[in-house]
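Scroll down for the structure; my scribbles are underneath it.
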Amino acid sequence: MEKIAVIGAGTMGNGIAHVFAQNGFKVNLIDISQASLDRGLSTISKNLDRMLAKEAIDEAKKEETLSNITTFTALEEGVSEVQLVIEAATENLDIKLKIFKDLDQTCKAGTILATNTSSISITQIAAVTKRPEKVIGMHFMNPVPIMKLVEIIRGYNTSDEVTQTIMELSKKLGKTPTEVNDYPGFVANRILMPMINESIETLYNGVAGVEEIDTVMKLGMAHPMGPLQLADFIGLDVCLSILNVMYDGFKNPKYAPCPLLVNMVMAGKLGVKSGEGFYDYSESKKAEKVSSQFN
1004 MEKIAVIGAG TMGNGIAHVF AQNGFKVNLI DISQASLDRG LSTISKNLDR
1054 MLAKEAIDEA KKEETLSNIT TFTALEEGVS EVQLVIEAAT ENLDIKLKIF
1104 KDLDQTCKAG TILATNTSSI SITQIAAVTK RPEKVIGMHF MNPVPIMKLV
1154 EIIRGYNTSD EVTQTIMELS KKLGKTPTEV NDYPGFVANR ILMPMINESI
1204 ETLYNGVAGV EEIDTVMKLG MAHPMGPLQL ADFIGLDVCL SILNVMYDGF
1254 KNPKYAPCPL LVNMVMAGKL GVKSGEGFYD YSESKKAEKV SSQFN
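Residue numbering for the sequence shown follows our numbering, starting at 1004 and increasing by one per position.
Here you go:
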């Protein structure tokens, strides 16, 4: 496997493209917007500069990595000659189903189709293709260049051969692949999102404030960041989407999103990307100032 395509130049997509390109793969980065592609390449370049400053790579490796990435706004052109496609579009079922229908019609018969979804059923996505045995989940963690884990999710029909291929490929990227089965939220978010949701409930019920909740989890449970800060980092809209997938999938009230989370998303308070969530990011991207609504 030498050439891959990544669909989506956002946070996850450009991170995935970065990691593959840095490890010698030719990457076609695809997005419907040239502006998004330009932003994605700019982010990759800045992240490589950080690695350069830390002497983790040299200038030659930076230039080689960037030269391994080609951008496309036309899906058909970008995926025509690749052995693997990784979809990293918005966490929306309808969007993903459309992309996979198009990929199935456009890609060569042997091309493996992977999705970076954090919660949506691989089996459901695979069902819209004529190659369900070649559809698999590759759930990278954010930030992709730094985080070692990749959840490898087998759909109901994913073949052993494809699973093994993707496991070995992930190791070549310097990642630690972990195989899980296809249930809502998989492992990472099935455990993480209820914790985040319960933290929001704790705030909603007036048990403690934003900083107090995060401090307890950081100092008491040795978490690198508190759950409310982490929710801001992930994006509150993404957290809500994942919780809804699990609530719909399991029909269990323990996965029902907290009303405070729902209201914040409706109000556009999405965390770091909107400038405000549980913390105020208007002056710094670090969670140093609690949002005024919680003071």
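C-beta: ideal position from N, C-alpha, C; glycine also.
None of the values given here were measured: they were computed from a predicted structure.
Is residue i helix, strand or coil by DSSP?
| i | result |
| --- | --- |
| T1132 | coil |
| D1223 | Reading off the sequence shown, one finds Gly at residue 1223, where the question assumed Asp. Three-state result, G1223: helix. |
| K1175 | helix |
| G1278 | coil |
| P1148 | coil |
| P1260 | coil |
| D1240 | helix |
| M1228 | coil |
| F1103 | helix |
| F1075 | strand |
| E1291 | coil |
| E1153 | The residue you asked about is not Glu; residue 1153 is Val in the sequence shown. Strand. |
| F1028 | coil |
| I1123 | coil |
| N1247 | helix |
| F1189 | coil |
| T1168 | helix |
| V1088 | strand |
| G1140 | strand |
| L1116 | strand |
| I1035 | coil |
| V1183 | strand |
Can you say whether residue i is buried or exposed, counting buried as having 16 or more other CB atoms within 10 angstroms of its CB?
| i | result |
| --- | --- |
| S1287 | exposed |
| T1179 | exposed |
| Y1207 | exposed |
| G1223 | exposed |
| R1157 | buried |
| R1134 | buried |
| N1119 | buried |
| S1122 | buried |
| I1089 | buried |
| T1050 | Note on residue identity: the sequence assigns Asn, not Thr, to residue 1050. So N1050 counts as buried. |
| G1177 | exposed |
| D1097 | exposed |
| S1039 | buried |
| L1163 | Inspection of the sequence shows that residue 1163 is occupied by Asp rather than by Leu. Under this definition D1163 is an exposed residue. |
| G1238 | buried |
| S1124 | buried |
| G1011 | buried |
| D1052 | exposed |
Could you compute how far the alpha carbon of residue i sits from the alpha carbon of residue j?
| i | j | result |
| --- | --- | --- |
| T1126 | E1204 | 32 Å |
| F1075 | N1031 | 7 Å |
| E1005 | S1048 | 22 Å |
| R1193 | M1249 | 8 Å |
| V1009 | S1083 | 12 Å |
| S1295 | L1195 | 26 Å |
| T954 | E1201 | With the chain covering 1004 to 1298 only, the question about residue 954 has no answer from this structure. |
| M1267 | G1280 | 8 Å |
| T1218 | F1143 | 27 Å |
| S1244 | E1094 | 7 Å |
| E1214 | A1059 | 34 Å |
| L1246 | L1231 | 15 Å |
| G1274 | E1291 | 13 Å |
| T1181 | K1175 | 14 Å |
| V1153 | A1270 | 32 Å |
| A1092 | A1259 | 24 Å |
| R1042 | I1169 | 28 Å |
| V1165 | T1014 | 26 Å |
| K1101 | P1148 | 28 Å |
| D1034 | G1081 | 10 Å |
| S1070 | E1062 | 12 Å |
| L1264 | D1240 | 9 Å |
| A1191 | I1155 | 11 Å |
Taking the Cβ atom as the reference point for each residue, do residue i and residue j lie within a distance shorter than 7 Å?
| i | j | result |
| --- | --- | --- |
| I1072 | A1024 | yes |
| I1019 | V1085 | no |
| M1220 | G1209 | no |
| G1140 | P1187 | no |
| Y1284 | V1293 | no |
| D1105 | L1087 | no |
| N1026 | T1046 | no |
| I1115 | K1137 | yes |
| C1261 | I1199 | no |
Quick check on residue i - is its C-beta less than 7 Å from some C-beta in chain C?
| i | result |
| --- | --- |
| V1183 | Reference to chain C is not applicable here, since this structure consists of a single protein chain. |
Any heavy atom of the ligand FMN within a distance shorter than 6 Å of the CB on residue i?
| i | result |
| --- | --- |
| V1147 | The model on display carries no ligand, and the ligand FMN is accordingly not part of it. |
Kindly provide the ranges of any alpha helix (DSSP H) runs that are 4 or more residues long and lie completely inside the stretch 1041-1071, ordered along the chain.
1062-1070
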